[in-house]
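First comes the structure, then the notes that go with it.
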Amino acid sequence: MSISFFNPILLLGLLGIALPILIHLLSRKNVKVVEWGAMQFLELGKRTRRKYQLEHLLLLLLRILLICLICCALARPWMSGVILFSAETQRDPRALLIVLDSSLSMDRRDVNQKPIDRAKEIIRDILDEAHPGDQFYLLAARDVPQKLLPGWTSEPEQVRTALNELPPASGSANLPLTLIHAVQQFQEIDQLQREILILSDNQAASWHPQEEQLWQRLQNLYQITSIPPRIWSILLLTAEENAKPLINSGLETPALSRETTVSNRPLQITTTARHFGAEERTRTVHLSIDGQRLSQQSREIRMAPASLNTLSFDYLPTTPGAHLITLEWESDDWPGDDQVHSVLEVRSQVSVQFIEQNIFTDPTLMESFYLSTALTAAQQRATNILRDNNLIDFKVKQTLPEDLDALADCDVLCLANLPLVSEKHVRLLRQYLQQGGNLLLLLGDQTRADRWNETIFHPEDGLLSLKLNQIKTDPQPSRGGIHLEDRSLESGWLKPFRAEELGGLTEAIFSQWWSLQIPETADGNKSGRLQTDLLLKTGDPWLITGTVANGQIAIVTTPLNATWSNLPTKPDYVPFVHELLLSLFDHQSRHILTAGQPIIQEFKKTDEFDPAELDYEITSPAGVSTPVRLNQEDRVLFDQTATAGIYRLEGRGQFDNPDEKPKSSEDFVVGFDPTESNPISLTEAEETSLRRDYPWQVHTNWQELQSEMLTSTGRTEITTWLLLLFVIFLLGEQFFTHYLVRDAHELEAMHESEPEVPAVQQEDSA
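Residue numbers are given in UniProt numbering: position 763 of the sequence shown equals residue 763, and the series is strictly consecutive.
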């Protein structure tokens, strides 16, 4: 048995017991003797004096006890390990939070009843037996916890409605993260009986037993909770169902070689087919674009037992827009991973603004001369890296823009050999990157290291945590010059430029270059990660790329003209320039999301299209449509993306026919953890390890669990009992005080009845 308090801070009121003690001590203080008449010769007997002291000591203890009782009652104490009532009809109101595993394994069909349906039946049974005062909360365990109710409710019908509207089981789940969220919800309620009920099929992937830090977070939170809830779980599979052979095959979310691209640029779509089982299995994977299956894009794959199999599809996008990509095969007993999706964003062109302040009479000395020639060149490589010479809209300007509006349509901003960049323009560039813009920095002989280190590369106020050192020169040019290191061409878009391709990139000779100092923990300051994509033979970086805010950045330590190298003379120059600029544009798509990541769609007003004239709604994977509003920036924001699958944003006119195609339509995809396809359950050792730090019991049905809840160690709040004792002792204190006052009056009356004795004048001893 143990005692705890709802409001332990109120126990500080116990300091008030000093007050009656102080009054008692002051009442015993000697006072100055004055004339008293004959009474000064009277002395109380020893026995009477002891009685007087004992009575006042008892009164002191009684008053101290009253203060202790009221302070403890206000702190609301409760006792664990005590059951005052064992009957279900006499139990205290309960706060029950239900965690429902909603991963794709809960929709498996190789059992007598799908686990998700069995879980819903148990919840309905719980609601049928609810008592007045019971509170309920419903959480769906997915990659991020999904609240199925706005908060705690005492209305069982509200829980039933939420259960009927539950999105289908899909994607993956993170049960420890959901339990952390569940424990936090009990801060909002006053019920003493607090329970968490977990309904799961016990699949190991959803429990994340290897995530030690996550489980440690849960343990720490549980330990500091003043009234920690008891945890119960019900296994939704019978022993016979668990004994069945574990067989499942699933596809991973498609990986695109580039998530945003331009039309007529080759694309590779890759996925991994996972097979769990002791037998070989053959499946046919089909590729669909915007719901249309491509007849020539099907792959038959033979999967060995317990194997991972990678397969790829080549696709050439020709139509600008966002396109839904689907890979699927025939549905099996675990349908949730038999169809997977991604979204490809295709643009007709990439807009590049090239800032060059240096003007030379010889145009070949200008950075823009070779680049503009390369970007309008009609030549192509035999490897077909480029299929179109009109992919990039290239504009040269002599000054940096003064406001963000000038960069509204700019996909890539290139700063070529600028002497300096002011602090004002650094702030502008930061805003540009935060809005998803991309930046290419070309260093050269006009670059001033001191000014760049004070602005763009400043560790606190700049864009990147880098340092420009000095311009290096080839110390022995007679030996053939400095080349790019072929072994550093490992990035996906750089592989076609390796020496074996004979394109000449690695044969280019560099006479000068800037040396950079990159911190060991190069996080680019406010920018995520930096990486060196290309090295010179000297070991110095030549191409550095990374993420800054929401955009991409690349730094080349030499100009891309012929002043410091003969790179423009090589066959690889044209495709390399294209790929460099397009790689900056090919960052993560805003249409491919992780669970919980908000959907943000920005619309641009044109002469033909006014986004404010349309009404917008988003349809979730469950088929539920939710109206969304366009904000003042012509953006739509939707953050209810816990469920894996396809979300469709549609815009229609107020009087449009609902059966007609909407004027605006965009697809967004929320992916899931591929390990969810693994049907293996938690081992007994893993279960014991996860539950060892909590009062956590596992059962196989609700009736068994309900009986255990009633007979297990309970919690009882004793505030009412303390208040009752306070009232009793308060009445006792009043009676005892009245008794002492009456006794004093009787003594005074007795003294007044004695004959008067002349007063004796006493001298002051002082």
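No residue lacks a Cβ here, since even glycine has one placed at the ideal position from N, Cα and C.
### Strand pairing of Val698, partner residues [DSSP]
Position 698 of the sequence shown, counting from 1, holds the residue named residue 698. Val698 pairs with Ser233.
### Query
Does Ile555 come within less than 7 Å of chain B when only Cβ atoms are used?
Of the protein chains in the structure, only one exists, and it is not chain B.
### Task
Check whether the stretch 209–221 touches the stretch 110–122, taking contact to mean three or more Cβ pairs, one atom from each stretch, closer than 8 Å.
no
### Task
Tell me whether Pro541 sits in a helix, a strand or coil according to DSSP, three-state version.
The count along the sequence shown starts at 1 and reaches residue 541 at position 541. Reduced to three states, the DSSP call for Pro541 is strand.
### Query
Who are the Cβ neighbours of Leu494 in its own chain at under 6 Å, not counting the five residues just before and after it?
On the sequence shown, residue 494 is found 494 positions in, with the first residue counted as 1. Excluding positions up to five away in sequence, the list is empty.
#### Entry: Alpha carbon of Glu666 to alpha carbon of Ser206, nearest angstrom
The residue given as residue 666 occupies position 666 in the sequence shown. The residue given as residue 206 occupies position 206 in the sequence shown. Looking at the two C-alpha atoms, the distance is approximately 31 Å.
### Task
To the nearest angstrom, report how far apart Ile359 and Leu415 are at their CA atoms.
One-based indexing of the sequence shown puts residue 359 at position 359. One-based indexing of the sequence shown puts residue 415 at position 415. If I take the Cα positions, the gap works out to 14 Å.
### Query
Comparing alpha-carbon positions, which option in Pro559, Ala374, Arg427 lies nearest Leu441?
Along the sequence shown, one-based indexing puts residue 441 at 441. Of Pro559, Ala374, Arg427, the residue nearest in Cα terms is Pro559.
### Task
Pick out whichever of Arg498, Met366, Leu54, Leu256 has its Cα sitting closest to the Cα of Leu287.
The count along the sequence shown starts at 1 and reaches residue 287 at position 287. Nearest C-alpha to Leu287: Leu256.
### Query
Which term fits Ser422, buried or exposed, when burial requires 16 or more other beta carbons within 10 angstroms of its beta carbon?
Against the sequence shown, residue 422 aligns to sequence position 422. Under this definition Ser422 is an exposed residue.
### Message
Can you give me the C-alpha to C-alpha distance between Ala322 and Leu96, rounded to a whole angstrom?
### Response
As a working mapping, residue 322 is identified with position 322 in the sequence shown. As a working mapping, residue 96 is identified with position 96 in the sequence shown. Going by the C-alpha atoms only, they are around 44 Å apart.
### Query
Does DSSP classify Arg302 as helix, strand or coil?
Locating residue 302 in the sequence shown gives position 302, counting from the first residue. Reduced to three states, the DSSP call for Arg302 is strand.
### Query
From Gly16, Leu59, Leu10, pick the residue whose C-alpha is nearest to that of Val741; which is it?
Position 741 of the sequence shown, counting from 1, holds the residue named residue 741. With distances taken between Cα atoms, Val741 lies closest to Leu59.
### Message
So the candidates are Pro571, Arg430, Thr326; which of them puts its Cα closest to the Cα of Ser312?
### Response
Taking the sequence shown and counting its residues from 1, one reaches residue 312 at position 312. Of the listed residues, the one whose Cα sits closest to Ser312 is Thr326.
### Message
So within the stretch 551–609, which uninterrupted beta strand (DSSP E) runs reach at least 3 residues, ignoring any that extend past its ends?
### Response
551–556, 599–602
### Message
Could you compute how far the alpha carbon of Val727 sits from the alpha carbon of Glu733?
### Response
Within the sequence shown, numbered from 1, the residue matching residue 727 stands at position 727. Within the sequence shown, numbered from 1, the residue matching residue 733 stands at position 733. Cα to Cα, the separation comes out at about 10 Å.
### Query
How many angstroms separate the CA atom of Asp213 from the CA atom of Leu407?
Numbered from 1 along the sequence shown, position 213 holds the residue referred to as residue 213. Numbered from 1 along the sequence shown, position 407 holds the residue referred to as residue 407. The question names Asp, but residue 213 is Gln in the sequence shown. Going from the Cα of Gln213 to the Cα of Leu407 covers about 43 Å.
#### Entry: Status (buried if at least 16 other CB within 10 Å, exposed otherwise) for Val643
By 1-based counting over the sequence shown, the position of residue 643 is 643. In the sequence as displayed, the identity of residue 643 is Thr instead of Val. Label assigned to Thr643: buried.
### Task
Please determine, among His24, Leu74, Trp564, the residue with the shortest C-alpha to C-alpha distance to Arg63.
Within the sequence shown, numbered from 1, the residue matching residue 63 stands at position 63. If we check each option's Cα against that of Arg63, His24 comes out closest.
### Message
Only counting the same chain, and skipping five residues up and downstream in sequence, which positions put a Cβ closer than 7 Å to that of Pro363?
### Response
As a first step, residue 363 must be located in the sequence shown, where it is residue number 363. If we look at Pro363 and ignore the five residues flanking it on each side, its Cβ neighbours are Phe369.
### Message
Which of the three DSSP states is assigned to Asn384 in this structure?
### Response
By 1-based counting over the sequence shown, the position of residue 384 is 384. Only weak support is given to the placement of Asn384: the predicted model assigns it a pLDDT of 43, under 50, and the value that follows is read from those uncertain coordinates. Note: Asn384 maps to coil in three-state DSSP.
### Query
Once you ignore the five residues that flank Ile189 on each side, which residues in its own chain have a CB closer than 7 Å to its CB?
Position 189 of the sequence shown holds residue 189. The beta carbon of Ile189 sits closer than 7 Å to the beta carbons of Ala95, Gln135, Trp152 from its chain, once the five residues preceding and following it are set aside; these are given in chain order.
### Reduced DSSP category for Pro627 - H, G, I as helix; E, B as strand; rest coil
The residue labelled residue 627 in the question sits at position 627 within the sequence shown. Strand, per DSSP.
### Query
Nearest-angstrom Cα distance between Trp702 and Arg283?
Locating residue 702 in the sequence shown gives position 702, where the first residue counts as 1. Locating residue 283 in the sequence shown gives position 283, where the first residue counts as 1. It is roughly 40 Å from the alpha-carbon of Trp702 to the alpha-carbon of Arg283.
### Pick from Arg451, Phe638, Asp445, Ser583 that is closest to Ser565, judged by C-alpha positions
Start at 1 with the first residue of the sequence shown, and residue 565 comes out as number 565. Nearest of Arg451, Phe638, Asp445, Ser583 to Ser565, Cα basis: Asp445.
### Query
For Glu490, which of helix, strand or coil comes out of DSSP?
Along the sequence shown, read from residue 1 onward, the residue named residue 490 stands at position 490. Coil, per DSSP.
### Which of helix, strand or coil DSSP assigns to Val159
Mapped onto the sequence shown, residue 159 falls at position 159. The three-state secondary structure of Val159, taken from DSSP, is helix.
### Task
Have a look at Pro93 and Gln187 and give me their C-alpha separation to the nearest angstrom.
Position 93 of the sequence shown, counting from 1, holds the residue named residue 93. Position 187 of the sequence shown, counting from 1, holds the residue named residue 187. Their Cα atoms are separated by approximately 16 Å.
#### Entry: Opening and closing residue of the beta strand (DSSP E) in which Ser515 lies
The sequence position of residue 515 within the sequence shown is 515, counting from 1. Segment 512–517, the beta strand (DSSP E) holding Ser515.
### beta strand (DSSP E) segments (min. 3 residues) lying fully within the stretch 287–375
At a cut-off of 3 residues, the continuous stretches assigned as beta strand (DSSP E) that sit fully inside the stretch 287–375 are 292–303, 307–315, 321–328, 339–347, 350–355.
### Message
Let me confirm a value: His208 is counted as buried when at least 16 other C-beta atoms fall within 10 Å, else exposed. Which label applies?
### Response
One-based indexing of the sequence shown puts residue 208 at position 208. By the neighbour-count rule (16 or more Cβ atoms within 10 Å), His208 is buried.
#### Entry: Simplified DSSP assignment, three categories, for Lys661
As a working note, residue 661 is residue 661 in the sequence shown. The answer is coil: DSSP assigns Lys661 none of H, G, I, E or B.
### Task
Can you have a look at Ile196 and say buried or exposed, based on whether 16 or more other CB atoms are within 10 angstroms of its CB?
Here residue 196 refers to the residue found at position 196 of the sequence shown. By the 10 Å Cβ count, Ile196 comes out buried.
### Query
How would you call Tyr137, buried or exposed, if buried means at least 16 neighbouring beta carbons within 10 angstroms?
Numbered from 1 along the sequence shown, position 137 holds the residue referred to as residue 137. Buried is the call here.
#### Entry: Backbone CA spacing between Pro419 and Ile456 [nearest angstrom]
Here residue 419 is taken as the residue at index 419 of the sequence shown, counted from 1. Here residue 456 is taken as the residue at index 456 of the sequence shown, counted from 1. Using only the alpha carbons, I get a separation of about 12 Å.
### Query
What three-state label does DSSP hand Pro77 in the structure shown?
Position 77 of the sequence shown holds residue 77. Reduced to three states, the DSSP call for Pro77 is strand.
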